[in-house]
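Visitor:
Protein chains in written order, with UniProt numbering: chain A, 1 to 436; chain B, 1 to 268.
So this is what it looks like as structure tokens:
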């Protein structure tokens with residue numbers, strides 16, 4: 001009786017909705033996301049006051065962005081895991097073992113083959129690391145989905161196994177990284193793209209925001225759906241672009257120290273002016289990697305079958321199964337993805353430290369889970385956002401970084417972070433009960 | 001061939017849409033369905049009756065692909081069919097409205113309607129706008145007052161959720177529709193609506209299995225009833241040949257009246 005009509009016909013059965021009254025509803029902004037941004041801003045301002053104005057400096061914010069990258073990358077995968085009502089306690093250990101694998105592979109095999117700083121060294125190091133991470137994740141996923149062992153247990157075992165494996169790869173030795181291209185992934189003065197390229201990135205980002213908004217509007221026009229008011233679209237684009245421009249101004253305001261700037265000028269053959277040379281850092285490479293991962297993961301979550309299935313399974317596993325979704329395969333894929341993301345996190349953090357150690361990433365699983373949960377991912381499954389988790393990673397790092405600036409001792413830092421985690425989840429629980 | 005086919009009136013002498021023959025399934029030593037045979041013709045409503053735990057839902061879950069039978073044969077349109085999973089069932093034109101509705105509460109109506117069968121853009125991404133348009137169209141016919149297209153179905157009323165589940169079953173040109181307690185969560189007015197819908201679908205030649213533990217829901221809508229008790233088929237009868245009381249006797253006592261064809265589960 002029913003044709004699966006997808007033609008662009010008007011829909012008489014559903015008259016346009018009445019004009020949204022409230023400002024926020026017209027903008028269709030996620031109130032919780034707005035709340036998280038507000039909380040982050042509050043944390044930053046409080047720390048700036050407590051730390052005598054040392055927090056809200058270009059230098060500190062730039063460092064914060066770099067320090068958050070690795071956890072932010074991994075938190076995007078953890079969102080999908082938790083949405084599917086699983087947990088992954090092994091990400092820190094996977095980070096450790098894949099970091100070790102990448103370092104050993106690079107130093108022992110790639111360098112002798114290709115030579116110093118050959119571009120293929122970086123590419124193949126990454127390919128090897130990500131493949132290893134995905135394989136480890138897929139193994140976990142297989143045991144969880146097909147053998148029916150709970151994810152908590154499998155990944156708890158994984159935490160021990162892969163930490164031990166990280167030691168076994170090089171008998172506990174620390175492996176220094178030598179490839180300069182690979183080191184760019186860690187950030188630092190070399191691993192940043194400078195002022196000009198940062199503006200290029202900013203312009204592209206602004207154009208992308210505008211294009212995406214217009215495209216979404218066109219799609220809805222095609223089917224004669226109710227549209228957002230034009231002023232709301234313009235406001236969204238404006239705020240998005242202002243955020244991009246603001247971030248660019250901050251990272252460009254962080255300049256190389258005078259000594260390094262002189263060395264840079266000598267290397268590049270630039271005349272140093274008498275008043276001193278000002279060389280901007282610009283966006284750090286790991287931050288760009290994290291943002292790219294965030295955008296790709298958001299796309300995967302919202303626009304692909306895979307993402308839709310992850311959420312449907314999290315909402316009602318039985319219904320997903322009855323709808324004909326291969327839930328086991330999706331589970332395996334989600335854990336493989338998590339492993340691959342842990343390897344990207346490993347690339348960033350080993351590059352940042354210039355070496356791989358077997359203790360790398362210890363306790364990262366807890367920070368990653370905390371970031372996802374602070375970012376609004378529900379442990380009951382079925383809800384969470386990539387952007388929220390990345391903000392959550394920034395919140396976690398802000399707390400730590402702020403307390404370092406205030407010279408709080410590490411044990412006390414842990415006490416504060418622990419309390420904040422519980423507090424944040426409590427607030428979220430209250431919010432969910434009240435507003436649903 | 002099939003003992004039930006002999007009781008079919010002239011209008012139903014063609015090939016049955018569904019023949020389930022000697023279906024059996026056990027869970028941990030318990031025979032949940034024990035050599036049950038039922039059939040269904042185009043444009044026919046067959047009520048599947050029995051107490052809670054009689055095995056009705058298990059039987060239809062085998063047809064829907066949620067369970068695999070231990071023994072017995074399923075024929076769809078005269079052809080032997082292997083239904084290993086829900087996808088196989090849907091490919092054969094079998095759609096199911098489960099008692100639990102089987103909705104993912106955290107996503108919206110369109111996502112539920114197309115779950116497992118998403119419309120895609122030429123770039124291989126989800127075509128949410130097209131899915132929403134189709135959802136608006138089918139929901140416009142089932143439940144014209146429905147407006148919450150952007151909301152997770154968690155936020156819908158029982159009747160609205162039910163209409164999403166029904167929309168999902170009828171949108172994909174079902175030939176065979178299984179409705180498991182379709183009115184359990186509904187008020188009187190909505191129940192009447194579902195009754196109207198069933199008559200409309202029947203007129204279009206769709207065969208419907210209507211599962212219920214309550215005879216009053218089913219008797220007026222069904223052309224035939226098959227009654228199960230303790231996993232066994234008590235018997236099948238045309239509703240014009242038996243009374244409600246006689247069918248009640250089949251459900252409660254397993255006693256097969258003269259107007260019905262007794263099955264292996266009939267008490268003597």
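Cβ atoms here follow ideal geometry from the backbone N, Cα and C, with glycine treated the same way.
Note that the coordinates shown come from a computational prediction; the quantities given were computed from them, not determined experimentally.
1. Taking the Cβ atom as the reference point for each residue, do residue 40 of chain B and residue 209 of chain B lie within a distance shorter than 8 Å?
2. I'd like to know whether the C-beta atoms of residue 55 of chain B and residue 231 of chain B end up nearer to each other than 8 Å.
3. Can you give me the Cβ contacts of residue 88 of chain A inside the same chain, cut-off strictly under 6 Å, excluding the 5 residues immediately before and after it?
4. Beta carbons nearer than 7 Å to chain E: which residues of the region 100 to 118 of chain B have them?
5. Report the three-state DSSP secondary structure of residue 26 of chain B (helix, strand or coil).
6. Check whether the Cβ of residue 47 of chain A sits closer than 7 Å to any heavy atom of the ligand FMN, and report yes or no.
7. Measuring alpha carbon to alpha carbon, tell me which of A/330, A/378, A/433, A/434 ends up nearest residue 144 of chain A.
8. To which residues does DSSP link residue 227 of chain B through a beta bridge?
9. So that I know if they touch, is there some Cβ in chain A lying closer than 8 Å to that of residue 67 of chain B?
10. Within the same chain, show all residues whose beta-carbon is closer than 6 Å to that of residue 190 of chain B, passing over the 5 residues directly before and after it, in chain order.
11. Sorted by chain position, which residues of the same chain lie with C-beta nearer than 6 Å to residue 38 of chain B's C-beta, five sequence neighbours on each side aside?
12. Alpha carbon to alpha carbon, how far is residue 113 of chain A from residue 353 of chain A? Give it in angstroms, no decimals.
13. Can you pull the chain B neighbours of residue 315 of chain A, defined as C-beta to C-beta under 7 Å?
14. At 7 Å on the CB atoms, spell out the chain A contacts of residue 98 of chain B, in chain order.
15. Find the nearest neighbour of residue 144 of chain B within the set B/111, B/193, B/123, B/99, judged by alpha-carbon distance.
16. So residue 58 of chain B contacts chain A; which residues on that side make the cut at Cβ distance below 7 Å?
17. Counting Cβ pairs, one atom from each stretch, are 3 or more of them under 8 Å apart for the region 341 to 361 of chain A and the region 94 to 102 of chain A?
18. Starting from residue 312 of chain A, find everything on chain B with Cβ-Cβ shorter than 9 Å and list it in chain order.
19. What are the residues of the region 379 to 410 of chain A that lie near chain B, defined by any Cβ-Cβ distance shorter than 9 Å?
20. Keeping to the same chain, check which residues put their C-beta closer than 8 Å to that of residue 281 of chain A; ignore five residues upstream and five downstream.
21. By DSSP, does residue 362 of chain A sit in helix, in strand, or in coil?
22. If you measure between the beta carbons of residue 393 of chain A and residue 134 of chain A, is that distance less than 8 Å?
23. Look up residue 54 of chain B in the DSSP assignment and say whether it is helix, strand or coil.
24. Assuming residue 345 of chain A contacts residue 84 of chain A under a Cβ cut-off of 8 Å, what Cβ separation, rounded to an integer in Å, is found between them?
25. Roughly how many angstroms separate the alpha carbons of residue 421 of chain A and residue 370 of chain A, rounded to a whole number?
26. Given that residue 90 of chain B touches chain A, what residues does it touch there, using C-beta distances under 7 Å?
27. Out of B/264, B/249, B/76, B/198, point me to the one whose CA is closest to residue 50 of chain B's CA.
28. Apart from the five residues on each side of it in sequence, which residues of its chain come closer than 6 Å, Cβ to Cβ, to residue 42 of chain A?
29. Is the beta carbon of residue 84 of chain B closer than 8 Å to that of residue 65 of chain B?
30. Using CA coordinates, which residue listed in A/247, A/56, A/351 is at the minimum distance from residue 180 of chain A?
31. Which residue from B/130, B/126, B/222 puts its Cα closest to that of residue 301 of chain A?
32. Which same chain residues end up closer than 6 Å to residue 44 of chain B when comparing Cβ atoms and leaving out the 5 residues on each side of it in sequence?
33. How would you write the range of the beta strand (DSSP E) that residue 96 of chain B sits in, first residue to last?
34. Taking 8 Å as the CB-CB limit, is residue 84 of chain B close to chain A?
35. If we count Cβ pairs, one from each stretch, closer than 8 Å, do we get three or more for the region 382 to 402 of chain A versus the region 57 to 73 of chain A?
36. To the nearest angstrom, report how far apart residue 208 of chain A and residue 91 of chain B are at their CA atoms.
Guide: Checking against the coordinates, here is how it stands:
1. yes
2. yes
3. 81, 155, 338
4. You won't find chain E in this structure, because its protein chains are A and B.
5. strand
6. For the ligand FMN, the structure offers nothing, since it holds no ligand at all.
7. A/330
8. Its beta-bridge partners are B/49, B/235.
9. no
10. 159
11. 20, 226
12. 24 Å
13. Contacts between residue 315 of chain A and chain B, judged by CB atoms closer than 7 Å, involve 104, 105, 106, 107 in chain order.
14. Per Cβ cutoff of 7 Å: 322.
15. Checking every option, the nearest Cα to that of residue 144 of chain B belongs to B/193.
16. Near residue 58 of chain B there are no residues of chain A at all, since even the closest Cβ is about 14 Å away, more than 7 Å.
17. yes
18. 104, 106, 107, 111, 112, 115, 116
19. 381, 382, 383
20. 62, 189, 192, 194, 251, 252, 254, 255, 256
21. coil
22. Result no, Cβ atoms of residue 393 of chain A and residue 134 of chain A do not sit closer than 8 Å.
23. coil
24. 20 Å between Cβ atoms; not a contact.
25. When rounded, the distance between both Cα atoms is 7 Å.
26. 324
27. B/249
28. none
29. Contact: yes.
30. A/351
31. B/126
32. 207, 223
33. 94 to 97
34. Chain A places no beta carbon closer than 8 Å to that of residue 84 of chain B, leaving this residue out of the contacts.
35. Because the criterion of three Cβ pairs below 8 Å is met, the region 382 to 402 of chain A and the region 57 to 73 of chain A touch.
36. 40 Å
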